[in-house]
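Asks: Encoded as structure tokens, here's the structure I'll be asking about.
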Amino acid sequence: MRASGDPSATEAGNAAGGNAAGGNTEAGNTAAADRRGPSYDVLVVGGGIIGLVTAWRAALAGLRTAVADPGPGGGAARVAAGMLAAVTELHYGEQMLLGLNLASAARYPEFTAELEAASGRDIGFRACGTLAVALDSDDRAHLRELHALQERSGLASQWLSGRECRRLEPMLAPGVRGGLRVDGDHQVDPRRLATALLTACERAGVVFHRTFCERLEVARGRASGALLADGTAVSAGQVVLAAGSLSGKLAGVPEGVAPPVRPVKGQVVRLTVPRAFAPFLSRTVRAVVRGQDLYLVPRENGELVVGATSEEMGWDTTVTAGGVYELLRDAHELVPGITELPLTETLAGLRPATPDNAPVLGPTTLPGLLVATGHHRNGVLLTPVTGDAMAHALITGELPEWARPFAPSRFTAPTVPVREEQYA
Ligand code: GLY
């Protein structure tokens, strides 16, 4: 599965052949096994954070698990800011998603402890809270609406005057008109998260095939494995499609079974706060500026992530002058001092989005084929619950009850029996 601009492809350290037979040492020991190709209980197609957490949880549950990806640990997590923003990213009509987001946010401290112990790596979880501010009266009206929705949904958020916002964050522009203090929306460093998941997978015995997946194999009406780009034919009892926005494009997936995901481009810039300027911001600061979501996420190591555009551009990951200009212009309106900071990186990634902006998880109508994608703006936030839901589905054959609203079947048109007389 390839597409130009696929972020998981850009970092492809194509280590193909090496792992193909050798990764599964026992399976690779005999000539017969070599001819057949390696065999696993679970093959995960895609090694972004969603594929990795699925593989890690599956391996911990005792399933022989492999991942196919030319650059595991890459993908959208390399670009994401890592906000765990269940409350500040609440939208009308997404009440069902809110429940999943809150459950995953609540899981984060325990998930962090478990992953850090398993990998020996710090993932940069920071319980810093978020401040969403308004720059003009339109923004303030928008934030008031959000506040009302949050209160109706039983969420903790506090309205602050402009002065109170600046007391919390003195670098904010003097013109800030008010804001919402949300102490429960935290952050994690997605790059560290991806690296830790990769290590945890390796330590749990997950095999990595560092190459593309070319085609799903189907035998006797069920998914039976995949053909990889290096020629390896992998057999698997179950296959999980977790290839982000490319998950709907794998050859061999029968019509109507592929998840309805599309790429939504996001450009971000990274700045560095020199030690002499610290603390520049003490928490995530966000706003809606001219109708666009803007956020500044400060990390303890001095990195400041400013994001993000939201563009329907197919699989294009070009960083544009216009995208960077708008981000910096809007961020400067919010926090004028950012123009003093060194600009260290510009990057674009692809959010996998579904028609209802919620993830698509669990078994498909093709036996043996599962999906875990469509996390759109919430991939980092939803990583813990996705791992739990997918491991449950791989072991029992069905999603846990709390995850069933996110099953792929919600996008399958109900089959209405048609009576012949209707044509009469
Ligand atoms: N969750 C932030 C974004 O998708 O830009």
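The opening position of the sequence shown corresponds to residue 9 in the working numbering, with each subsequent residue numbered one higher. Idealized CB from N, CA, C, for every residue including glycine.
(1) Check whether the Cβ atoms of V95 and V190 sit closer than 8 Å, and answer yes or no.
(2) Cα separation between A35 and V52?
(3) Pull up the distance between the alpha-carbon of G444 and that of L154, whole angstroms please.
(4) Is it the case that the CB of A316 approaches a heavy atom of the ligand GLY more closely than 7 Å?
(5) Please determine, among M321, L342, V272, the residue with the shortest C-alpha to C-alpha distance to V296.
(6) Touch check for the stretch 364-383 and the stretch 403-411: three-plus C-beta pairs under 8 Å?
(7) Could you name the residues of the same chain whose beta carbon sits closer than 6 Å to that of G31, not counting the 5 residues immediately before and after it, in chain order?
(8) Pull up the distance between the alpha-carbon of G245 and that of R218, whole angstroms please.
(9) By the 10 Å Cβ neighbour count, where 16 or more other Cβ atoms means buried, how is T347 classified, buried or exposed?
(10) Report yes if the C-beta distance between V87 and L249 is below 8 Å; otherwise report no.
(11) Indicate, with yes or no, if the ligand GLY has a heavy atom lying under 7 Å from the CB of R510.
(12) Closer than 7 Å to a non-hydrogen atom of the ligand GLY - does that hold for the CB of R359?
(13) Once the 5 residues before and after L110 are set aside, which same chain residues still bring their CB inside 6 Å of it?
(14) Quick check for students: name the residue ranges of the alpha helix (DSSP H) that lie wholly in the stretch 147-184, counting only runs of 4 or more.
(15) Please state if the CB of T328 and the CB of L201 are separated by a distance shorter than 8 Å.
(16) Quick one: residues in its chain with C-beta nearer than 6 Å to the C-beta of Y100, no 5 flanking neighbours on either side, listed in chain order?
(17) When you measure from the CB of E222 to every non-hydrogen atom of the ligand GLY, does any distance come out below 7 Å?
(18) Taking 8 Å as the limit between beta carbons, can you name the residues of its chain near I131, skipping five residues before and five after?
(19) Whole angstroms is fine: what's the gap from P363's alpha carbon to S255's?
(20) Using only the alpha-carbon positions, how far apart do A39 and E225 sit?
(21) Quick one, are the C-beta atoms of T325 and I58 less than 8 Å apart?
(22) Please report the distance separating the alpha-carbon of L312 from that of P306.
(23) Is E406 near the ligand GLY, with its Cβ less than 7 Å from a heavy atom?
(24) Would you say the beta carbon of A89 is closer than 7 Å to some non-hydrogen atom of the ligand GLY?
(25) Would you list the residues sitting across from L304 in a DSSP beta bridge?
(26) Let me know the beta strand (DSSP E) ranges lying completely inside the stretch 225-269, each 3 residues or longer, listed in chain order.
(27) Mind reading off the beta-carbon distance from A164 to G192? Whole number of angstroms is fine, and I expect it under 8 Å.
(28) Taking the alpha carbon of C221 as the reference point, which residue from A212, A241, G229, P287 has its own alpha carbon closest?
Replies: Concretely, from the data shown:
(1) By one-based count along the sequence shown, residue 95 stands at place 87. By one-based count along the sequence shown, residue 190 stands at place 182. In this structure, V190 lies closer than 8 Å to V95 by Cβ.
(2) Your numbering for residue 35 matches position 27 in the sequence shown. Your numbering for residue 52 matches position 44 in the sequence shown. For A35, the predicted model reports a pLDDT of 39, less than 50, meaning its position is unreliable and no value from the coordinates is stated.
(3) This structure does not reach residue 444, given that the chain is present from 9 up to 432, and the question cannot be answered.
(4) Along the sequence shown, one-based indexing puts residue 316 at 308. A316: yes, Cβ under 7 Å from the ligand GLY.
(5) Sequence index remark: in the sequence shown, residue 296 carries index 288 (1-based). From the listed residues M321, L342, V272, the smallest Cα separation to V296 is found for L342.
(6) yes
(7) Sequence index remark: in the sequence shown, residue 31 carries index 23 (1-based). Its pLDDT being 34, under 50, G31 is placed unreliably in this model, and the coordinates cannot settle the point.
(8) Counting from 1 along the sequence shown, the entry for residue 245 is found at position 237. Counting from 1 along the sequence shown, the entry for residue 218 is found at position 210. If you take the alpha carbons of G245 and R218, they lie about 20 Å apart.
(9) Here residue 347 corresponds to residue number 339 of the sequence shown, with the count starting at 1. Exposed, by the Cβ-count rule.
(10) As a working mapping, residue 87 is identified with position 79 in the sequence shown. As a working mapping, residue 249 is identified with position 241 in the sequence shown. One thing to note: V87 has its Cβ no nearer than 8 Å to the Cβ of L249.
(11) The structure shown does not extend to residue 510, since the chain is modelled only from 9 through 432, so no value can be given for it.
(12) Taking the first residue of the sequence shown as position 1, residue 359 is located at position 351. The beta carbon of R359 sits closer than 7 Å to at least one heavy atom of the ligand GLY.
(13) Mapped onto the sequence shown, residue 110 falls at position 102. Cβ neighbours of L110 beyond the five flanking positions: A94.
(14) 170-176
(15) Looking up residue 201 in the sequence shown gives position 193. Looking up residue 328 in the sequence shown gives position 320. Not in contact: L201 and T328 (Cβ atoms no closer than 8 Å).
(16) The residue labelled residue 100 in the question sits at position 92 within the sequence shown. Answer for Y100: no residue qualifies.
(17) Taking the first residue of the sequence shown as position 1, residue 222 is located at position 214. No, since every heavy atom of the ligand GLY falls outside the 7 Å radius drawn around the Cβ of E222.
(18) The residue given as residue 131 occupies position 123 in the sequence shown. Same-chain partners within the cutoff: T120, L123, E124, V196, D197, R200, L201, A204.
(19) Here residue 363 refers to the residue found at position 355 when the sequence shown is read from its first residue. Here residue 255 refers to the residue found at position 247 when the sequence shown is read from its first residue. When rounded, the separation of the alpha-carbon atoms in P363 and S255 is 14 Å.
(20) Along the sequence shown, read from residue 1 onward, the residue named residue 39 stands at position 31. Along the sequence shown, read from residue 1 onward, the residue named residue 225 stands at position 217. Confidence at A39 is low in this model, with a pLDDT of 42, below 50, so the placement of that residue should be treated as unreliable; the coordinate-derived value is given next. Each residue's Cα considered, the two are about 22 Å apart.
(21) The residue you call residue 325 lines up with position 317 of the sequence shown. The residue you call residue 58 lines up with position 50 of the sequence shown. For T325 and I58, no; Cβs fall outside 8 Å.
(22) Here residue 312 is taken as the residue at index 304 of the sequence shown, counted from 1. Here residue 306 is taken as the residue at index 298 of the sequence shown, counted from 1. When rounded, the distance between both Cα atoms is 4 Å.
(23) In the sequence shown, the residue the question calls residue 406 occupies position 398. False, no ligand heavy atom lies under 7 Å from that Cβ.
(24) Counted from its first residue, the sequence shown places residue 89 at position 81. True, at least one ligand heavy atom lies under 7 Å from that Cβ.
(25) Working through the sequence shown from its first residue, we reach residue 304 at position 296. L304 pairs with V293, V314.
(26) 230-236, 241-249
(27) Residue numbering aside, residue 164 sits at position 156 when the sequence shown is read from its first letter. Residue numbering aside, residue 192 sits at position 184 when the sequence shown is read from its first letter. Yes, A164 and G192 are in contact; Cβ-Cβ is about 6 Å, under 8 Å.
(28) By 1-based counting over the sequence shown, the position of residue 221 is 213. Among A212, A241, G229, P287, the Cα nearest to that of C221 belongs to A241.
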